[in-house]
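J.:
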Amino acid sequence: MTATQAEEATDQVPARRMPLPGDPEDALIDEACRGLRLPAFRERFVELAAAARREQATYKQFLLDLLQVVLADRDVRRQQRLVRAPRFPRPKRLEDFDYDKNPNVSPEVVADLKSRSWVQQGRPLVLIGDSGTGKSHLLIGVGTAIAEAGLSVRYTTTSALVNELAEAEAGRRLSSVIARYSKVDLLCLDEFGYLNLDKKGAKLLFQIFTEREECKATAVATNSPFAEWDKTFGDPRLCAAIADRITFRCTLIQTGTESYRFRITEAERGTR
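Under the working numbering, residues 75 to 346 are what the sequence shown spells out, in order.
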């Protein structure tokens with residue numbers, strides 16, 4: 075069952091559960107559903123039982139209807155958990171990206187990123203452009219689309235990730251933290267290259283890329299062109315190794331240098 079079908083099925087679930095008609099069996103079923111943690115079953119069994127009686131459905135058809143409701147409800151709940159799990163700083167969807175305001179971005183390329191295939195192939199995504207050109211919008215939008223497609227996603231900024239790794243190393247938990255990041259299907263790394271890293275921080279970040287190389291997808295949003303990455307990482311060899319892992323078989327989207335946020339602000343001022 076697809077996510078759309080699941081949503082359509084659970085859309086039929088009433089906002090409030092129908093009151094029990096008073097039969098002892100209904101109360102026992104209700105209690106059993108609580109114990110088995112079957113909320114959709116509990117919400118719908120009275121309604122579906124009445125419909126089955128009215129339509130003279132077979133026991134098997136009644137059971138199938140209930141099971142389909144439970145499966146649809148679980149699909150939707152799982153999708154909701156996957157979308158919440160990355161902890162995106164704000165909601166952004168690819169459908170809301172304004173391509174007219176930034177013609178540098180290809181709608182066809184972005185549409186391909188909604189597919190699970192590039193993530194399952196462990197291919198990187200690199201978004202390069204100045205502030206206000208839509209990098210973070212695309213990064214969060216892609217992460218949201220992949221989560222809705224049923225894969226695990228994690229969002230963080232580069233500085234937050236490096237700090238987390240440094241604290242984990244100090245607490246002798248580095249291997250477990252790296253293992254956790256290595257299992258995520260898509261790692262969305264924002265503000266890549268915004269701050270210069272010391273050699274220790276760069277080495278910690280390098281371990282994440284090494285663990286994920288060619289098996290798990292990583293998407294980065296950066297305002298620094300490749301030629302300036304050596305300023306971020308300091309060590310030329312380490313910089314080359316990180317760049318190699320991020321760019322191999324990557325999808326590259328250059329969002330340009332003109333901030334459409336600034337243009338919108340200027341346009342709003344002009345109308346006052």
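For glycine and all other residues, C-beta sits at the position ideal for the given N, C-alpha and C.
Can you give the Cα-Cα distance for T284 and Y173, rounded to whole angstroms?
T.: 34 Å
J.: Under DSSP, the alpha helix (DSSP H) around R228 begins and ends at which residues?
T.: Premise fails: R228 lies in the beta strand (DSSP E), 227-231, not in any alpha helix (DSSP H).
J.: Taking the alpha-carbon positions, what's the T207 to L201 distance?
T.: 10 Å
J.: Kindly confirm or deny that the stretch 204-219 and the stretch 159-172 touch, where touching means at least three C-beta pairs closer than 8 Å.
T.: yes
J.: Which whole runs of the beta strand (DSSP E) in the stretch 200-263 are 3 residues long or more, in chain order?
T.: 227-231
J.: Output the distance between the C-alpha atoms of A124 and S210, rounded to the nearest integer angstrom.
T.: 50 Å
J.: Please classify V227: is it buried, with 16 or more other beta-carbons within 10 angstroms of its beta-carbon, or exposed?
T.: buried
J.: State the start and end residues of the unbroken alpha helix (DSSP H) segment that holds V179.
T.: Unbroken run through V179: none, as it is neither H nor E.
J.: Going by alpha carbons, who is nearest to D16 out of C107, P98, Q194, D272?
T.: This structure does not reach residue 16, given that the chain is present from 75 up to 346, and the question cannot be answered.
J.: Considering only C-alpha positions, which residue in the set R190, L187, L269 is nearest to T306?
T.: L269
J.: As a quick exercise: from L326, S333, E332, pick the residue whose alpha carbon is nearest that of S180.
T.: L326
J.: What did DSSP end up calling L271 once you bin it into helix, strand or coil?
T.: Annotated three-state conformation of L271 is coil, per DSSP.
J.: Taking only the alpha-carbon atoms, compute the straight-line gap between Y229 and V150 and give it to the nearest angstrom.
T.: Take the alpha-carbon of Y229 and the one of V150: they are about 21 Å apart.
J.: Along the chain, where does the beta strand (DSSP E) that runs through A295 open and close?
T.: 291-296
J.: If distances are taken between C-alpha atoms only, which option among A240, L235, P177, E265 comes closest to Y255?
T.: Minimum Cα distance to Y255 is reached at L235.
J.: Helix, strand or coil for E332 per DSSP?
T.: In the three-state reduction of the DSSP assignment, E332 falls in the coil class.
J.: Quick check on DSSP: helix, strand or coil for F266?
T.: strand
J.: Among all the DSSP beta bridges, which residues are the ones paired with T325?
T.: L199
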